[in-house]
Amino acid sequence: MTQIEVKHAKGRLGVLVVGLGGAVSSTFIAGTLSVRKGLGQPIGSLTQLATIRLGKRNENRFPLIKDVVPLAELNDLVFGGWDIFDENVYEAACHAEVLKKEDLDAVKDELAAIRPMKALFDRNFVKRLDGRFVKEGGSRWEQTELLREDIRRFKKENECERIVVMWAASTEVFIEQSAAHESLAAFEAAMKNNQVDALSPSMCYAYAALAEGAPFIMGAPNLCVDIPAMWELAEIKRAPICGKDYKTGQTLLKTVLAPMLKTRMLGLEGWFSTNILGNRDGEVLDDPGSFKTKEVSKLSVIDTILQPDVYPQLYGNIYHKVRINYYPPRKDNKEGWDNIDIVGWLGYPMQLKVDFLCRDSILAAPLCLDLVLFADLSARCGFYGIQSWLSFYFKSPMHSPDKVPEHDLFIQHTILKNTLRTIIGEQTIDYLD
Ligand SMILES: NC(=O)c1ccc[n+]([C@@H]2O[C@H](COP(=O)([O-])OP(=O)(O)OC[C@H]3O[C@@H](n4cnc5c(N)ncnc54)[C@H](O)[C@@H]3O)[C@@H](O)[C@H]2O)c1
Numbered sequence: 000m001t002q003i004e005v006k007h008a009k010g011r012l013g014v015l016v017v018g019l020g021g022a023v024s025s026t027f028i029a030g031t032l033s034v035r036k037g038l039g040q041p042i043g044s045l046t047q048l049a050t051i052r053l054g055k056r057n058e059n060r061f062p063l064i065k066d067v068v069p070l071a072e073l074n075d076l077v078f079g080g081w082d083i084f085d086e087n088v089y090e091a092a093c094h095a096e097v098l099k100k101e102d103l104d105a106v107k108d109e110l111a112a113i114r115p116m117k118a119l120f121d122r123n124f125v126k127r128l129d130g131r132f133v134k135e136g137g138s139r140w141e142q143t144e145l146l147r148e149d150i151r152r153f154k155k156e157n158e159c160e161r162i163v164v165m166w167a168a169s170t171e172v173f174i175e176q177s178a179a180h181e182s183l184a185a186f187e188a189a190m191k192n193n194q195v196d197a198l199s200p201s202m203c204y205a206y207a208a209l210a211e212g213a214p215f216i217m218g219a220p221n222l223c224v225d226i227p228a229m230w231e232l233a234e235i236k237r238a239p240i241c242g243k244d245y246k247t248g249q250t251l252l253k254t255v256l257a258p259m260l261k262t263r264m265l266g267l268e269g270w271f272s273t274n275i276l277g278n279r280d281g282e283v284l285d286d287p288g289s290f291k292t293k294e295v296s297k298l299s300v301i302d303t304i305l306q307p308d309v310y311p312q313l314y315g316n317i318y319h320k321v322r323i324n325y326y327p328p329r330k331d332n333k334e335g336w337d338n339i340d341i342v343g344w345l346g347y348p349m350q351l352k353v354d355f356l357c358r359d360s361i362l363a364a365p366l367c368l369d370l371v372l373f374a375d376l377s378a379r380c381g382f383y384g385i386q387s388w389l390s391f392y393f394k395s396p397m398h399s400p401d402k403v404p405e406h407d408l409f410i411q412h413t414i415l416k417n418t419l420r421t422i423i424g425e426q427t428i429d430y431l432d
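Residue numbers are given in numbering that gives the first Met the number 0: position 173 of the sequence shown equals residue 172, and the series is strictly consecutive.
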């Protein structure tokens, strides 16, 4: 087995979050600070709580992942980022109303010290928000240069050894891959010509991160790093990229239930999914352009798992609908309903109903923590480009063009753990022992 040389996780790791004042970011940061003070449990985080089986089943070796995989320590994380609102993270978290005031007050001083940098924002890409704390003027190229300076300054001022950049900002309107995205040269030319329609702000943040050699995580469904120009840049800079769209609520359930139907060869006629949520994300997704980006991400899952072309008699004619409704009274406490029409022996119909009363940011925060630690690990392992081993965390897992994405949660989990085993020089597990 080839041993992977993993660079030591020494020194501070700067975590720069785009959308620093959002519900997900503030819940992630406040939660991580609470956990490191011993005030809360990192529930939902594999890096903090999960074990990994090493060796044969009868060896009885089940250490914690964090005890055997060389991850950065929580105490070494330093937080920063950008937002279009000039609020510190304590103020932002109070406005997000996800965590209780007493929980926020326990880490108030540290949260209040984390202030955003001015954002790169373009209202044409997020129509329901109006940013005031933004970088004014300049071409996309010049604005991206400012983001690069931000990253370098943050790294220096906070004495960080390494940086990870994560997008937890709003979902941008749907755009398709075009000529400007097809190569790095075309992309850079488009930046200099200020071809604003083709170049979303998220692409500029991603470009800035990769150009500075930092891993980039795309937590929303934006096209962003899912284009050849970014793959090229990631390869040149030897930087990892991963995305898209945190897999938290309804899609998490879909990627468990759909494989269950398929493994039992049960048919599917229809899957109707609807959501109500009342946070700022819900307001942004109320705009048809942003919703379309999310819809494409949420719809892709079932077809890939069920393979209607291979099983036309079971999955050849599925009606799949996804709705998101902005409903302010629920705030961050989303409710996701699923009505699933399934078919059994001799074509007899049955139904499944799921009502998931979840908390969006409570589900997303541990994913952010794991992704930051794993993206940093990837970089220290010398992995670069698309990190499909992190598909476990995403609704639309990025993959190379010659491969199909893996959506099944438990297959994704096996891939993730086998990658960790490989990193630490242990045998991968095929369950045949
Ligand atoms: N919570 C979940 O379960 C979940 C799951 C999957 C994806 N997501 C995605 O994660 C993102 C964050 O969700 P949220 O609930 O925190 O939303 P939010 O609206 O609370 O936060 C988004 C933040 O991004 C900021 N922002 C927007 N454009 C920006 C830009 N160009 N530069 C810097 N800041 C910018 C906004 O001001 C806001 O503070 C959304 O795109 C959402 O769709 C969330």
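The C-beta atom is built at its ideal place from N, Cα and C for all residues, glycine as well.
In this text the structure is predicted, and so the values were computed from the model without any measurement.
For residue i, name the three-state secondary structure that DSSP assigns.
i                 : result
lysine 223        : Inspection of the sequence shows that residue 223 is occupied by cysteine rather than by lysine. Coil at cysteine 223, not helix or strand.
isoleucine 162    : strand
methionine 202    : helix
threonine 273     : strand
isoleucine 28     : helix
isoleucine 301    : helix
arginine 151      : helix
glutamate 175     : coil
arginine 237      : coil
isoleucine 216    : strand
arginine 122      : coil
phenylalanine 409 : helix
glycine 281       : helix
phenylalanine 132 : coil
methionine 229    : helix
leucine 19        : coil
tyrosine 245      : strand
arginine 11       : strand
glycine 39        : coil
glutamate 4       : coil
leucine 265       : coil
methionine 190    : helix
lysine 117        : strand
What is the C-beta distance between residue i and residue j, in whole angstroms, given that I count them as a contact (C-beta under 8 Å)?
i                 : j              : result
tyrosine 326      : isoleucine 275 : 4 Å
isoleucine 423    : valine 67      : 6 Å
alanine 228       : alanine 185    : 7 Å
valine 300        : lysine 253     : 5 Å
isoleucine 51     : leucine 419    : 6 Å
glutamate 171     : serine 289     : 7 Å
proline 404       : histidine 398  : 5 Å
serine 138        : lysine 191     : 6 Å
isoleucine 304    : lysine 352     : That pair is no contact at about 20 Å.
phenylalanine 393 : aspartate 302  : In fact, because the Cβ distance is near 16 Å, the residues do not count as touching under 8 Å.
isoleucine 428    : serine 390     : Going by Cβ atoms, the distance from isoleucine 428 to serine 390 rounds to 18 Å, so no, they are not a contact pair.
Please determine, among the options, the residue with the shortest C-alpha to C-alpha distance to residue i.
i                 : options                           : result
leucine 222       : Arg151, Ser395, Glu109 and Ala111 : Ser395
leucine 324       : Lys117, Gly130, Glu282 and Ala364 : For the record, residue 324 in the displayed sequence is asparagine; it is not leucine. When each option's Cα is compared against that of asparagine 324, the closest is Glu282.
leucine 76        : Lys36, Glu96 and Glu86            : Lys36
lysine 293        : Val321, Ile304, Gly277 and Ile235 : Val321
leucine 70        : Asp104, Lys9 and Asn192           : Lys9
valine 342        : Ala257, Glu425, Thr421 and Gly384 : Ala257
phenylalanine 132 : Met264, Ser399 and Leu19          : Leu19
glycine 218       : Tyr310, Lys246, Ala210 and Asn417 : Lys246
alanine 433       : Asn74, Glu72, Leu73 and Pro115    : The shown model of the chain, from 0 to 432, leaves out residue 433, and the question about it has no answer.
valine 224        : Gly384, Lys126, Gln249 and Leu415 : Gly384
phenylalanine 372 : Val163, Ile42, Trp81 and Lys6     : Here the sequence assigns leucine to residue 372, which means phenylalanine is not the residue at that position. Minimum Cα distance to leucine 372 is reached at Val163.
aspartate 432     : Leu53, Ile3, Leu38 and Gln47      : Leu53
leucine 298       : Asp85, Pro220, Ile216 and Leu232  : Pro220
serine 24         : Thr413, Asp359 and Ile174         : Asp359
isoleucine 83     : Arg151, Asp129 and Pro328         : Asp129
leucine 356       : Leu370, Lys330 and Glu175         : Lys330
leucine 232       : Pro214, Gly248, Asp244 and Lys243 : Pro214
glutamate 334     : Thr273, Lys416 and Ser169         : Thr273
valine 97         : Pro311, Thr262, Arg279 and Ile150 : Arg279
alanine 118       : Ser390, Ala363, Gly136 and Val255 : Gly136
aspartate 401     : Lys291, Ser387 and Met264         : Ser387
leucine 366       : Gln426, Ala167 and Lys107         : Ala167
proline 287       : Asp337, Ala179, Ile174 and Asp407 : Ile174
methionine 408    : Asn338, Val309, Val255 and Ile339 : Checking the sequence shown, residue 408 turns out to be leucine, not methionine. The shortest Cα separation from leucine 408 among Asn338, Val309, Val255 and Ile339 belongs to Val255.
Could you tell me whether any non-hydrogen atom of ligand 2 is closer than 7 Å to the CB of residue i?
i           : result
proline 200 : Here the bound small molecules are ligand 1; ligand 2 is not part of this structure.
Legend entry - Every unbroken alpha helix (DSSP H) within the segment 310–384, with a cutoff of 4 residues, ordered by chain: 311–314 and 359–380
Inset, instruction - Would you check if the segment 200–212 and the segment 332–347 touch, i.e. whether three or more CB-CB distances between them fall below 8 Å? - result: With the cut-off at 8 Å, the segment 332–347 and the segment 200–212 do not touch.
Inset, instruction - Taking 8 Å as the threshold, find out whether the segment 307–317 comes into contact with the segment 262–282 through three or more Cβ pairs. - result: yes
Inset, instruction - Please determine if the segment 373–383 and the segment 223–243 are in contact, where contact requires at least 3 C-beta pairs separated by less than 8 Å. - result: Contact between the segment 373–383 and the segment 223–243 is present, with at least three C-beta pairs closer than 8 Å.
Inset, instruction - Check whether the segment 107–126 touches the segment 41–59, taking contact to mean three or more Cβ pairs, one atom from each stretch, closer than 8 Å. - result: no
Legend entry - Ranges of the alpha helix (DSSP H) found wholly within the segment 43–114, counting only runs of at least 4: 45–48, 64–67, 88–95, 100–104 and 107–111
Legend entry - Sufficient close CB pairs (3 or more, under 8 Å) joining the segment 11–22 to the segment 152–161: Yes, since at least three Cβ pairs between the segment 11–22 and the segment 152–161 fall closer than 8 Å, the two stretches touch.
Inset, instruction - Would you check if there are 3 or more beta carbon pairs closer than 8 Å linking the segment 82–102 to the segment 21–35? - result: With a cut-off of 8 Å, the segment 21–35 and the segment 82–102 count as touching, because enough Cβ pairs lie within range.
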